[in-house]
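Peer 1: Sharing a structure here in C-alpha cells format.
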Amino acid sequence: MNTSSPTAAPLKRHRNLAQGVVAHLTDSIKSGSLKPGDKLPTESEIMRILGVSRTVVREAISHLQAAGLVETRHGIGTFVLEPAPAAPMGLDPATVVTMRDVLALLELRISLETEAAGLAAGRRSDEQLRVLRAALDSFEDCARKGVETVAPDMAFHLLIAQSSGNRYFHDILSHLGTNIIPRARLNSARIAQDDPAQYLERVINEHEDIYSAIARSDAESARAAMRTHLSNSRERLRRAQEASDAAGV
Numbered sequence: 099m100n101t102s103s104p105t106a107a108p109l110k111r112h113r114n115l116a117q118g119v120v121a122h123l124t125d126s127i128k129s130g131s132l133k134p135g136d137k138l139p140t141e142s143e144i145m146r147i148l149g150v151s152r153t154v155v156r157e158a159i160s161h162l163q164a165a166g167l168v169e170t171r172h173g174i175g176t177f178v179l180e181p182a183p184a185a186p187m188g189l190d191p192a193t194v195v196t197m198r199d200v201l202a203l204l205e206l207r208i209s210l211e212t213e214a215a216g217l218a219a220g221r222r223s224d225e226q227l228r229v230l231r232a233a234l235d236s237f238e239d240c241a242r243k244g245v246e247t248v249a250p251d252m253a254f255h256l257l258i259a260q261s262s263g264n265r266y267f268h269d270i271l272s273h274l275g276t277n278i279i280p281r282a283r284l285n286s287a288r289i290a291q292d293d294p295a296q297y298l299e300r301v302i303n304e305h306e307d308i309y310s311a312i313a314r315s316d317a318e319s320a321r322a323a324m325r326t327h328l329s330n331s332r333e334r335l336r337r338a339q340e341a342s343d344a345a346g347v
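In this note's numbering, the protein residues as written are 99 to 347.
So, in C-alpha cells, the structure goes:
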C-alpha cells in the first residue's frame, strides 16, 4: 500500500471548487498516478496542493465515494478502489458530478423505476415483500433518528428492481450505486429549502405509497407512486438549478 500525492497544478475552471477537486483526483486515478490500494493524501495535504478549503475537500471525497472510486476507512484514511467493470451502455457513475448530471440521471430513473415498480407489483414474492418492508422500516428509523439514510434508501429501490423479475433493472441501478440517491450527491433538504426532518417525512410518505401499491399487487398504482416520488425529486432539483443559473453560481 502506497500513499501517493496528486500532481500539484492549478484547478481547471469548474462551476464550483469541489467539482474541480473531483476532476483533479479522478484524472490522477485514471492516469495511474493514484493506483488501486493507494492511500489518498490527507485532507490537509490536498488543501495545500490544490489551494482549497477543508469543506471543499470533504465534499469532493464524498463525490468520489459515491462514484465508487475511493473508500474511506475510519481512522485510517481514504483509499483508491479497483476500477469497476466496464459501464453498461456507457453509463459511468464517475461522470455524475454536477446538479445537471443528477437531474439527467433522475430522468433516466423515472423511466426505469416506474416500470420496475409496476412489474414488482405483479411479480413480487411474499418473501420479497417482507424484505422490502424491512428496508422501508430501516429507512424510516434512520430518518427519524437523524442518522444516515442513503444506504437503506438505496436498498429499498434496489429491492423493487429485483422484485420486478427482470435482472436488467437491478443490474443498471446496482451499477450506478449511490448515485441513484440524490442525497448522496447534493443536500436535497437544503435545495428544497425544507427542514430536513420535514423533507425526509415526505420521502417516507412517498415510499409508503409505493410499498402499499406493491403489497396490493396494484401495478398501475405502483407505477404512479414511483413516478410521483422521482418526479418530486426532479422538480426540487430543477428549481434549484434554475435558481443557481440565475444567480450565476
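The C-beta atom is built at its ideal place from N, Cα and C for all residues, glycine as well.
Tell me residue 169's beta-bridge partners as DSSP assigns them.
Peer 2: In DSSP, residue 169 forms a bridge with 177.
Peer 1: On the criterion of 16 or more Cβ atoms from any shown chain inside 10 Å, does residue 290 qualify as buried, or is it exposed?
Peer 2: For residue 290, the pLDDT reaches just 48, beneath the cut-off of 50, and the residue's location in the model is therefore unreliable, although a value from the coordinates is still provided. Flag for residue 290 reads buried.
Peer 1: If you draw a straight line from the alpha carbon of residue 125 to that of residue 131, how long is it in whole angstroms?
Peer 2: Cα to Cα, residue 125 sits roughly 8 Å from residue 131.
Peer 1: Report the rounded CA-to-CA distance for residue 221 versus residue 261, giving the unit in angstroms.
Peer 2: Straight-line Cα distance between these residues: approximately 7 Å.
Peer 1: Where are the alpha helix (DSSP H) runs, 4 residues long or more, that stay fully inside the segment 184-256, in chain order?
Peer 2: Listed in chain order, they are 197-221, 224-243.
Peer 1: Helix, strand or coil: which one does DSSP assign to residue 128?
Peer 2: Helix.
Peer 1: Taking the alpha helix (DSSP H) that residue 308 belongs to, which residues open and close that run?
Peer 2: Segment 294-313, the alpha helix (DSSP H) holding residue 308.
Peer 1: I need the straight-line Cα distance from residue 211 to residue 235, nearest angstrom please.
Peer 2: If you take the alpha carbons of residue 211 and residue 235, they lie about 20 Å apart.
Peer 1: Rounded to whole angstroms, what's the CA-CA distance from residue 147 to residue 139? Just pull it up for me.
Peer 2: Cα to Cα, the separation comes out at about 10 Å.
Peer 1: By a C-beta neighbour count over all protein chains shown, 10 Å radius and 16 as the cutoff for buried, is residue 297 buried or exposed?
Peer 2: It counts as buried.
Peer 1: Would residue 142 be called buried (16 or more neighbouring beta carbons within 10 Å of its own) or exposed?
Peer 2: So residue 142 ends up on the exposed side.
Peer 1: Check whether the Cβ of residue 314 lies closer than 8 Å to any heavy atom of the ligand MN, and answer yes or no.
Peer 2: Absence of the ligand MN is noted for the structure shown, with no ligands found whatsoever.
Peer 1: Quick check on residue 258: buried or exposed, where buried means 16 or more other Cβ atoms within 10 Å of its Cβ?
Peer 2: By the 10 Å Cβ count, residue 258 comes out buried.
Peer 1: Between residue 169 and the rest of its own chain, which residues show a CB-CB distance below 8 Å, the 5 nearest in sequence each way excluded?
Peer 2: Within the same chain, residue 169 has close Cβ partners 163, 176, 177, 179.
Peer 1: For residue 205 and residue 332, I'd like the C-alpha separation in whole angstroms.
Peer 2: Looking at the two C-alpha atoms, the distance is approximately 8 Å.
Peer 1: Which residues mark the beginning and the end of the alpha helix (DSSP H) in which residue 271 is found?
Peer 2: Unbroken alpha helix (DSSP H) run through residue 271: 265-274.
Peer 1: Work out the CA separation of residue 303 and residue 336 for me, nearest whole Å.
Peer 2: When rounded, the distance between both Cα atoms is 21 Å.
Peer 1: Rounded to the nearest angstrom, what separates residue 156 and residue 316 at their Cα positions?
Peer 2: Cα-Cα distance, rounded: 43 Å.
Peer 1: When we look at the beta-carbon of residue 308 and count the other beta-carbons within 10 Å, is it buried (16 or more) or exposed?
Peer 2: So residue 308 ends up on the buried side.
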